[in-house]
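Here this note's numbering is used: the first residue of the sequence shown is 17, the next is one more, and so on. One structure below.
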Amino acid sequence: MRRGDHLVSVRMGYTHHGIYIGAGEVIHYSGFGDSVSGPVCRASIERFSGGMPTTVLPHPLAVHDSEARIARAYTRLGENSYNLVTNNCEHFVDWCIYGTKTSKQVSTALSAVGTHAAGIVPGGRAIMGIVAAGSAIKSGYEAASESDKPVEAVVKVAAKSALATAAVVVSGPIGLVGVAAVFAAKKLFFRG
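As structure tokens, this is what we get:
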């Protein structure tokens with residue numbers, strides 16, 4: 017493992033990304049990694065990986081060399097604008113390496129959803145339900161931070177919104193996977 021490497025940690029249903037800065041530390045968008053709305057931060061490899069396997073993803077056509085990647089990562093320390101679909105940990109690392117913000121995970125999920133609309137991919141509705149739930153959860157936390165109402169009240173509204181969206185999106189037997197994912201997200205992020 018070298019300074020500036022793109023680290024990928026496998027999680028349940030997704031991968032988590034960060035930039036290795038040396039001395040056993042990583043800069044990453046904590047987002048769903050540490051909490052629902054975590055900032056770009058420095059963390060030990062152990063904390064970054066969450067006890068899961070971590071690998072190095074090579075980038076032979078990288079625009080920025082390893083030291084430039086690290087410098088770019090440092091410029092965003094403390095940024096707290098995580099968005100599952102438009103500004104996640106993979107977007108952050110892609111920006112550090114290439115200067116663009118893309119996420120293969122998001123592109124793949126959205127492509128699968130679009131393909132499912134054509135009736136080709138049976139799991140597309142489940143993916144769409146998961147994406148919709150994540151978006152509703154994130155929106156709920158953003159609303160909670162801007163509201164004078166108790167956080168719990170705003171979060172409950174977001175949970176209901178996520179479940180209602182998922183119920184519409186994930187009809188059919190395969191869609192039950194999406195519903196299960198929404199309930200798991202609700203339990204994880206809303207603690208009950």
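Note that beta-carbon positions come from the ideal geometry of N, C-alpha and C, so glycine has one too.
Sequence-distant residues of the same chain with beta carbon closer than 6 angstroms to residue i, five excluded per side
| i | result |
| --- | --- |
| G20 | S82, R85, I86 |
| P69 | V26 |
| V122 | V101 |
Residue i CB to nearest heavy atom of the ligand SAM below 8 angstroms
| i | result |
| --- | --- |
| G20 | For the ligand SAM, the structure offers nothing, since it holds no ligand at all. |
Residue i and residue j closer than 9 angstroms at C-beta
| i | j | result |
| --- | --- | --- |
| Y36 | F108 | no |
| T31 | V24 | yes |
| P74 | H33 | no |
Residue i, DSSP secondary structure in three states
| i | result |
| --- | --- |
| R58 | strand |
| V122 | helix |
Residues near residue i in its chain [Cβ-Cβ closer than 7 angstroms; skip 5 each side]
| i | result |
| --- | --- |
| G29 | none |
| G38 | R19 |
Reference residue i, options the options, closest by Cα
| i | options | result |
| --- | --- | --- |
| R63 | A78, G40, R92, T71 | G40 |
| Y90 | M17, H75, A59 | A59 |
| E88 | V101, P74, G115, T71 | According to the sequence shown, residue 88 is Arg rather than Glu. The option with the nearest alpha carbon to R88 is G115. |
| L100 | G66, G94, T71, K120 | K120 |
| P55 | I113, D110, S65, E95 | E95 |
| N78 | K117, D110, S65, T118 | Strictly speaking, residue 78 in this sequence is Ala, with Asn absent from that position. Looking at the Cα atoms, D110 is the closest of the given residues. |
Enclosing alpha helix (DSSP H) for residue i [first to last residue]
| i | result |
| --- | --- |
| T31 | Run containing T31: none in the alpha helix (DSSP H); it sits in the beta strand (DSSP E), 31-38. |
| H107 | 105-114 |
| S82 | 82-91 |
Span of the beta strand (DSSP E) around residue i
| i | result |
| --- | --- |
| T70 | 70-73 |
| Y45 | 41-46 |
| S25 | 22-26 |
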